[in-house]
Every structure is written in C-alpha cells, then in structure tokens.
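Worksheet for the structure shown next.
2 protein chains.
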Amino acid sequence: MTDLPLADLDVFAAVAQHRSFRAAAKLRNVSASSLSDSVRRLEARLGVRLLNRTTRSVTPTDAGERLLQRLRPGLADIAAALDGVNDFRDRPVGRLRLNVPGIVARTILPDIAARFLALHPGITLEVSTNDALIDVIGEGFDAGVRYEESLQPDMIAVPIGPRLQHYVAAAAPGYLAAHGVPAHPQDLLQHRCILHRFSSGRMLAWVFEEKGGRELSILPPARIIAETSDLEVELACRGLGIVFSFEDFLRPALARGDLVSVLQDWSPSFSGPFLYYNSRHHMPSPLRAFVEFLRAEHKRAEAV
Amino acid sequence: MTDLPLADLDVFAAVAQHRSFRAAAKLRNVSASSLSDSVRRLEARLGVRLLNRTTRSVTPTDAGERLLQRLRPGLADIAAALDGVNDFRDRPVGRLRLNVPGIVARTILPDIAARFLALHPGITLEVSTNDALIDVIGEGFDAGVRYEESLQPDMIAVPIGPRLQHYVAAAAPGYLAAHGVPAHPQDLLQHRCILHRFSSGRMLAWVFEEKGGRELSILPPARIIAETSDLEVELACRGLGIVFSFEDFLRPALARGDLVSVLQDWSPSFSGPFLYYNSRHHMPSPLRAFVEFLRAEHKRAEAV
DNA sequence: ACGACCTGTTCGGATATTCGTACAATGACT
DNA sequence: AGTCATTGTACGAATATCCGAACAGGTCGT
Chain B
2 MTDLPLADLD
12 VFAAVAQHRS
22 FRAAAKLRNV
32 SASSLSDSVR
42 RLEARLGVRL
52 LNRTTRSVTP
62 TDAGERLLQR
72 LRPGLADIAA
82 ALDGVNDFRD
92 RPVGRLRLNV
102 PGIVARTILP
112 DIAARFLALH
122 PGITLEVSTN
132 DALIDVIGEG
142 FDAGVRYEES
152 LQPDMIAVPI
162 GPRLQHYVAA
172 AAPGYLAAHG
182 VPAHPQDLLQ
192 HRCILHRFSS
202 GRMLAWVFEE
212 KGGRELSILP
222 PARIIAETSD
232 LEVELACRGL
242 GIVFSFEDFL
252 RPALARGDLV
262 SVLQDWSPSF
272 SGPFLYYNSR
282 HHMPSPLRAF
292 VEFLRAEHKR
302 AEAV
Chain V
2 MTDLPLADLD
12 VFAAVAQHRS
22 FRAAAKLRNV
32 SASSLSDSVR
42 RLEARLGVRL
52 LNRTTRSVTP
62 TDAGERLLQR
72 LRPGLADIAA
82 ALDGVNDFRD
92 RPVGRLRLNV
102 PGIVARTILP
112 DIAARFLALH
122 PGITLEVSTN
132 DALIDVIGEG
142 FDAGVRYEES
152 LQPDMIAVPI
162 GPRLQHYVAA
172 AAPGYLAAHG
182 VPAHPQDLLQ
192 HRCILHRFSS
202 GRMLAWVFEE
212 KGGRELSILP
222 PARIIAETSD
232 LEVELACRGL
242 GIVFSFEDFL
252 RPALARGDLV
262 SVLQDWSPSF
272 SGPFLYYNSR
282 HHMPSPLRAF
292 VEFLRAEHKR
302 AEAV
C-alpha cells in the first residue's frame, strides 16, 4: 500500500496516453528528459518494460497497456477528489483548459474571459486555439468551443457568446472605387476575392442569404487563399480584394473605415458557437463555474 | 487532469489516516520533516488547511476529511494496478508486510520464511512483531498472524505452521534436584514459577490436560513475572524456577540439557496459528503467493 | 537511395526535495 | 500544579530530481 511511485506512474500514464514523450512534456510544461527519466525509473523498479519506444513511436507493451487501463480510473478519481476541495472554498481555484477555434479566441472570447476571470480570481484560464481538433477531451482539455453541433455522445453543449453571428463581405474603399460595388452575390464572380482555407483543407464557402430566406452559396474566383484570418483582413485593407469573414472580426476595420461592407442585404447569419464538455467525466470546479457563468449570461441576454 | 501533486497527496493520506506525522514517517521509512513539508506544500497549493495539528494531535479539517475519503479508493486502485504488473512476470516482485506475535517470529516463522523466500527471490519480507495489535490491515500490513480465531468480518484465515502446538513446563536439572520433580499440576503450587505477562497486562494461565482430556488451569505462585520469553527461559536455565512456554521455543534449551521438561503426561496442546488477511482489499501478489505457499504446505502436511 | 527533420535518450549543471538535529508546545501523569 | 516524554516544525547540509543542449536513430519525402 505504501511507497507508491505516484509521480512516475502519472508520468507513465501521460506518456502512454499521448504515445509521445515530447507531447506529454509540452502539455504539462516539463522537459521531455524528465519524463524519460521517470519512465525509466518506473520500469527499473517494476522490472518490466512498459513502453516500447523507438525514436519515432511510443507503444505500450502488454504490461504497459494493462497498467495504463487499470491506472486511469484511479488517477481520474484522485483528480476529482482534489478538485472536491473547492467545495470548501467560496470561490473555486484551479485551471480551466479550453480549446477554441482561433476566430473565437479573438472575437467573442476576450470579453467573456475578462468578465469571468474578474469574477473568479482563483481560476487560471488556459486557451489553446485549434480549428481542427475534435477529440477535445482526449487531448487533456476540460472543454472545447465549436460551431458545428457535435454528434458525439455524452457531450453537453452550452451556448457561448452571441446566438446569432453574421458573415460580412467587405473590401477597401479604394478597391470598390476601382472595381465597382457588387450588387448581387453573382457579381462576386467578376471580383478578386480572398478565400479562407481551414486547416483541414476545406475551403470556406461564401454563403449568402436573401431577405426572404433563400440561400445562395458561391465559390468566387480566388485571388488569394489564406489560412489566417488576420492576413486576409490585412490584404483586404490594402485593396487586394473582397474578404468574407465574421462580422465580429471585421468590425474594427469597418469602424476605422479601412473596410466597407458590401452586399449587406445578403448578409448571412448563422448560429453562434457552443461550449462542449463530456458529461461522463468528473466536472472540475472551474469548468462548472464557467458553465454557470455562461448559463447566467445566456439567461440575461434572453431576458433583454 | 494534469499536474497532480500525487506524491504530496499520498503523504497527506498517510498522515491523515495515522493521525500522526511521525507514525506515518516510520511506516514509510522517511523523515517526519519531509512529511511536514509535503503537507504544507499541498495546503499552500490548495489554499485550504487540511490538517489541524498541535504537537499532540493531528486531526483532519472538514476539507481534509472529505479529501481523504475521496482519495483513498483512487490510491487503492493505483496500488492494485501497480501490483497487476506482476501478472506479466513469472515470479511476483514486491513487499510482504506481516505482523506476527513475537513468539511466532522466533519459532515457526524462520523455517517457513526461509523456504518461501527461496522460492520467490523477488519478494521482500517485512516482519513486525506485535503481540497486541488487532487491526492489522489498518496499520498498513498485508496480513497478520494470530492464535485466536478472529471474529472480524471479511477476514480470511489460513493455517500457518504446525496445526498442533504444545505448552511445556520445564526447569533446570539443578532446580529439580533441589526442589523435587512435580508429579501433578497441583504440585506446582509448592514450586517457584516463572510467569508470563502479555503486553496487554493479562497473565498467561498454565493450562494442563490430562490424557483423558480433562483440563486443569493453574495460576502458580510467581517467583518471577516477565514479559519477554527469552528472559524467562534464561532464568529457568539458571535454576530460578519452572518455566511454562511453547515447546517449539524451549526445544533448543531442552536439547542442550539446560532444561528438563516436567509433567509430560499433562502437556497441554492447542491449535496452531492462522494467517489473517482482509478479503475485501485487493490481494497483493506477494500475499497471494504466500497464501498459496501456505496452502500447499498444509496439504502436504496433511497427506503425510 | 539519400537527406532532412523529428524523436527519445544522455550528460553535466541547476534546482527542489529530503534529511537530521534542535526547539517550542502540548497533554498525561504524579 | 509541576514534570516530562513526545509531538510537529524550522533550518542548514546532503541528496535526488529536473532542465537544456548535444547526440543517435528512425521515418518520411524527394
């Protein structure tokens, strides 16, 4: 019962789960060599090899796999027990690890995060931006923010931020003076457009919406294809073409007059993002506080 | 999920359970100051006091008690998972912690332990001698050896050592020459006897048994009262009186001729000791191996 | 087939943890 | 009430752990 090499076991579980020393090291902000030492120490103590590792792959041995499976629930229990201490405090303390799309991190999250953190001084927010990742929990995050309605079971979705967001097409005044102002989405086919490619490789479709409700999807000729929205906006401001992005994201440029929105009557709207978390896992206090905060915000917004 | 202060949590659980820093330190062979540091570190990290401690008592706070309760199953799971690695080895490796009466440690255990350890080179045997303790599991032992049939629930008893043991009364030849040889237990009342007091304070009664089966309990006049059997034997060898103890324990002195047994026809017998362990706990591999070993020994002895 | 990148590991120096001793405080015994 | 053994803690020394850079080896792309 006594003298458990708990720290090393925890390290082993992390490495085995991520199948990588360096990835596990990055996630817990320690060096890879430390993890290497820990695993070696543990294997020496047990007298059994737990991980078959080459420089390009880390695979648990049979013993390692079995140990990992049996270890995981215990570690999860302990994490939950540790978090339970928060019940004895007025305000929860701990870390909240979110994985959000880059665009959300720049538009709707700053405001929400600022108010949430002001309310909970003890909570540390750790935001990773990743547009592609789906298995948010498996990567060690408490929750993720996504736009699509997830189909994964046991996932709970909580609205976060505005429930209605808009795409806006916009261009620099100089560009419009030179190339004319499009009056109909079809006109875009004659324009120079700045397209966005997701990290998954998929292209963002330019979807427009008539006042009546009819949708119109267009893939305009690409002048530029980029993956980072900042670059797209910057190029648009310099008059290189029409950009199509979140209204929230373009707002500063529009306010400054660097960009002018076009096709306002066709401005498409879409539902806002959701915070997703797994209902089967223990809910850490910081996450619980965040969800409560979002629910209160949502309720307040609906009441208006 | 990550960055659990597992080592400190383990320390906290040990200290909280034993309600003593020094006791917990002794049991895991580390210094008390180290445990003090660990608990302070954990409390600082959590921002919550877990143990109320004066120099004479250690009591969990509400938060500490709750944390302890929630922590224990996880730690037990991990210990079990760790032990599970033994399944991937031909011979189990680990530590077996036994708590046995002092007399057993000197008579029947040496032979058993020697053969068992020869069979399992990877096992470390840690024997504590304690005649009074009952809650063997709570103190961190894997199993205990006791003579009395335990009434505790969930305890499994396995015969260990000879199933029939004998008490023997004996004295030095010189003493018998001077004071005569008792022919009947009643004669002991006229002799000088060396009595044994258990650490509980109870005196060992001299129980005799007629060939027919009739029992006769006598509390002879005390010349000497001792708590350590070695002292009693030594004094008897020097002719100070009649000693009454385990035949196994007196055998060397009898063989040397330093002592001569008396009242052989009244020699009382009693059932041998049992190994007790808790059926509700996970059974560590070393304990499992030991029980199997004892069962095999028992079967072999019965077959003869 | 070869090169280039990325991986896990090694090694000496830096850091945090642990130890042993000394001390103040507590509570049981007389 | 006084005494005293025993407990938890503080502090400098010893130790183990951790880090960062260099190394060796595998894998993928060309």
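Residue numbers (our numbering), protein chains in the order written: chain B, 2 to 305; chain V, 2 to 305.
Heads up, the beta-carbon is just placed ideally off N, CA and C, and yes, glycines get one too.
Since the model is a prediction, treat every value here as computed from it, not as a measurement.
Extent of the continuous beta strand (DSSP E) to which residue i belongs
i               : result
R122 of chain V : The question names Arg, yet the displayed sequence has Pro at residue 122 of chain V. It is not in any beta strand (DSSP E) - P122 of chain V carries neither H nor E in the DSSP assignment.
F360 of chain B : No information on residue 360 of chain B is available, as it lies outside the stretch 2 to 305 that chain B covers here.
L217 of chain V : 216-219
S262 of chain B : 261-263
V159 of chain V : 156-160
C-beta neighbour in chain B for residue i, strict 8 Å
i               : result
P74 of chain V  : yes
R54 of chain V  : no
M2 of chain V   : Only weak support is given to the placement of M2 of chain V: the predicted model assigns it a pLDDT of 41, under 50, and the value that follows is read from those uncertain coordinates. Interface residue, yes.
D11 of chain V  : yes
D63 of chain V  : yes
R67 of chain V  : yes
R301 of chain V : no
R289 of chain V : no
L5 of chain V   : yes
Residues bridged to residue i [DSSP beta-bridge criterion]
i               : result
N100 of chain B : B:S129, B:G145
H197 of chain V : V:A227
H167 of chain B : B:S270
G85 of chain B  : Bridge partners of G85 of chain B: none, in fact.
R54 of chain B  : B:V59
S246 of chain V : V:V169
G95 of chain B  : B:I124
Neighbourhood of residue i by C-beta distance below 8 Å, restricted to the same chain and skipping five residues each side
i               : result
A42 of chain V  : The sequence as given places Arg at residue 42 of chain V; Ala does not occur at that position. The answer, listed in chain order, is P6, D9.
P111 of chain V : none
R239 of chain B : A173
P102 of chain V : T130, N131, D132, V146, R147, Y148, P274
G95 of chain B  : D84, N87, G123, I124, T125, P285, S286, P287
E127 of chain V : R96, L97, R98, L99
T62 of chain V  : V49, R50, L51, L52, N53
E233 of chain V : I195, H197, I225, A227, V244, S246
Contacting residues, own chain, Cβ-Cβ under 7 Å from residue i (five flanking each side not counted)
i               : result
P163 of chain B : I109, G273
L72 of chain B  : L10, A14
K212 of chain V : D266
V59 of chain B  : V16, R20, S21, F22, L52
P183 of chain V : L189, H192, V263, L264
S32 of chain V  : A26
Span of the alpha helix (DSSP H), counted from its first residue to its last, around residue i
i               : result
A206 of chain V : No alpha helix (DSSP H) holds A206 of chain V; DSSP gives it neither H nor E.
S32 of chain V  : Segment: none, S32 of chain V is in no alpha helix (DSSP H) and carries neither H nor E.
V304 of chain B : Before going on, a small fix: residue 304 of chain B reads as Ala here, not Val. That run of the alpha helix (DSSP H) goes 286-304.
L5 of chain V   : First-last for L5 of chain V: undefined, no H or E at that position.
G175 of chain V : 174-180
Own chain, CB closer than 6 Å to residue i, minus 5 neighbours either side, in chain order
i               : result
H299 of chain B : P160
D249 of chain V : T108
M2 of chain B   : Residue placement at M2 of chain B cannot be trusted, given a pLDDT of 40 that sits under 50; the coordinates are not used to answer.
A290 of chain B : P93, H121
L205 of chain V : H197
S280 of chain B : D155, I157
Cutoff 8 Å: residue i Cβ touching any chain V Cβ
i               : result
I157 of chain B : no
I124 of chain B : no
D188 of chain B : no
A184 of chain B : no
L118 of chain B : no
A8 of chain B   : yes
L110 of chain B : no
R71 of chain B  : yes
Contact test: residue i Cβ vs the ligand NAP heavy atom, cutoff 7 Å
i              : result
F89 of chain V : Within the structure as shown, the ligand NAP is missing, as the structure has no ligands at all.
Name the residues in the segment 37-52 of chain V whose C-beta lies less than 7 Å from a C-beta of chain B; which are they? Per Cβ criterion, the list reads L47, G48, V49.
| task | Name, going along the chain, the residues of the segment 79-104 of chain V whose beta-carbon falls closer than 9 Å to a beta-carbon of chain B. | result | The segment 79-104 of chain V vs chain B, Cβ under 9 Å: I79, A80, A81, A82, L83, G85, V86, N87, D88, F89, R90, V94, R96, R98.
| task | Select from the segment 21-34 of chain B all residues with a C-beta closer than 7 Å to any C-beta belonging to chain V, and list them in chain order. | result | Within the segment 21-34 of chain B, the residues whose Cβ lies closer than 7 Å to some Cβ of chain V are L28, R29, listed in chain order.
Practice problem: Could you run through the segment 234-254 of chain B and flag, in chain order, every residue whose CB is less than 8 Å away from some CB of chain V? | Solution: Within the segment 234-254 of chain B, no residue has a Cβ that lies closer than 8 Å to any Cβ of chain V.
Exercise for review: Report the residues of the segment 265-286 of chain B with a CB closer than 7 Å to any CB of chain V, ordered along the chain.
Suggested key: Within the segment 265-286 of chain B, no residue places its CB atom closer than 7 Å to a CB of chain V.
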